Amino acid sequence: MGRVWVEISFSGYGCGGAYIHHRPAPMTSLVVILKKFVFKTRPLTHIYIKGDDWQSYSPSTNSSWYWRKICQVKPCFQEAYQQQLWMNSEHRGYTIAKGYEFVRDKGSDVSGHDLVWNKWTIPKHSFLAWIYHHGNMNTKAKLYRLGISEEDTCCICGVASETIDHLFFECTYNRDILLLVGNWIEVQLPTQNLLNWRLLRSATKVRRGILNATINACMYQVWRQRNLSMHENTLIRPQKVARSIIEEVKMKIKGVRLNKQERKELTWIRRLSDTGA
């Protein structure tokens, strides 16, 4: 145990850095934690820790709010400190980005996430497509199975059970929409689960993004027509729905900034923008 004198300099509302006098080895993590730490507070000049080291130190109950918050960060970086993760020349010191990457919950990759979340797809379309990929659509077949609906017949065609596969790929009304939109984008749109559609994996990055946006727009409009049919007893002609999908995708494409590599597909993009259903 030794005495530690910590001097912290502030510039305005931002913490510019930490300067440590008589620093033992455990104090190096304080620099890591406080470097570029930003918060709004009154000017602070120094903090004196007596009879303790930084690793075992805990603030008293009457300590200031911002000092308690600083000390709460310490356990998050305990493993990194023990491994001296940012102290070697290979990592070239600590940065806010490296610290965030270390403490954030990385989770696991979800199959098909790039088919949904990308710069080409309209956000509301991405949201519905994400629910579809997780199999959480409240179709009539699902509601009937849960005892909420009295029947499971498709409310658009009235022929088969309204499952996810039937609604998006087997219903004659929706297949007409996919056919019309596919003629515009010069691709035969899938008639099965999108994650198994190999064309999305073999196409160029730009074409894959626009195909994703088109398919997600189709799914959104199909679900919208299903809701109109069930709740308002209204059904719009497939030709009009297809035109609406194409116009939505074209407007989204115009708002996407292309990088140098993506501009190679500019001729194809312009051809899509000049044509319709």
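Numbering (this note's numbering), first residue to last: 1394 to 1670.
Just so you know, even glycine gets a beta-carbon here, dropped at the ideal spot from N, CA and C.
Owing to the predicted nature of the structure, the values given are computational and were not obtained by experimental measurement.
Inter-stretch contact at 8 Å, needing at least 3 Cβ pairs: the segment 1657 to 1666 / the segment 1600 to 1618
yes
Who are residue 1554's beta bridge partners in DSSP?
1546
Count the other C-beta atoms from every protein chain shown that fall within 10 angstroms of the C-beta of residue 1539, then say buried if there are 16 or more, exposed otherwise.
exposed
Quick check on residue 1582: does DSSP put it in helix, strand or coil?
coil
Of the choices 1645, 1553, 1457, 1579, whose alpha-carbon is the least far from that of residue 1606?
1645
Using the three-state DSSP reduction, which class does residue 1486 fall into: helix, strand or coil?
coil
Am I right that residue 1547 and residue 1564 are in contact with their C-beta atoms under 8 Å? What's the rounded C-beta distance?
6 Å
CA nearest to the CA of residue 1573, picked from 1636, 1643, 1499:
1636
Grab me the residues of residue 1495's own chain with a C-beta within less than 6 Å of its C-beta, minus the 5 sequence neighbours each way, in chain order.
1473
Just the C-alpha distance for residue 1449 and residue 1466, rounded to the nearest angstrom, thanks.
13 Å
Through-space distance from residue 1464 to residue 1451, alpha-carbon basis:
7 Å
State the CB to CB distance for the pair residue 1610 and residue 1638, rounded to an integer number of angstroms; the pair is presumed to be in contact (CB under 8 Å).
5 Å
When burial is assigned at 16 or more other CB atoms within 10 Å of the CB, is residue 1458 buried or exposed?
exposed
In the DSSP assignment, find the unbroken alpha helix (DSSP H) run with residue 1540 in it and report its ends.
No alpha helix (DSSP H) holds residue 1540; DSSP gives it neither H nor E.
According to DSSP, is residue 1618 helix, strand or coil?
helix
Specify, as a first and last residue, the run of the alpha helix (DSSP H) that residue 1596 falls within.
Segment: none, residue 1596 is in no alpha helix (DSSP H) and carries neither H nor E.
Expected contact under 8 Å - CB spacing of residue 1526 and residue 1509 to nearest Å
6 Å
Going straight from the alpha carbon of residue 1571 to that of residue 1499, what length do you get?
37 Å
Short of 7 Å in beta carbon distance, which residues of its chain neighbour residue 1569, apart from the five on each side in sequence? Order them along the chain.
1631
With a Cβ-Cβ cutoff of 8 Å, do residue 1608 and residue 1665 count as a contact?
no
Could you tell me the distance, in whole angstroms, from the CA atom of residue 1667 to the CA atom of residue 1642?
12 Å
For residue 1551, count neighbouring C-beta atoms within 10 Å of its own C-beta (all shown protein chains included) and say buried if the count is 16 or more, exposed if not.
exposed
Exposed or buried, what is residue 1559 when buried is set at 16 or more other beta-carbons lying within 10 Å of its beta-carbon?
buried
Assuming residue 1636 is part of the alpha helix (DSSP H), what are its boundary residues?
1631 to 1647
Can you tell me the Cβ-Cβ gap for residue 1513 and residue 1649, rounded? I've got them flagged as a contact below 8 Å.
6 Å
Thinking C-beta only, is residue 1634 closer than 8 Å to residue 1654?
no
Rounded to whole angstroms, what's the CA-CA distance from residue 1493 to residue 1523? Just pull it up for me.
26 Å
May I have the straight-line CA-CA distance separating residue 1447 from residue 1518, to the nearest angstrom?
50 Å
Relative to the alpha-carbon of residue 1622, which residue among 1533, 1520, 1647 has its alpha-carbon at the smallest distance?
1533
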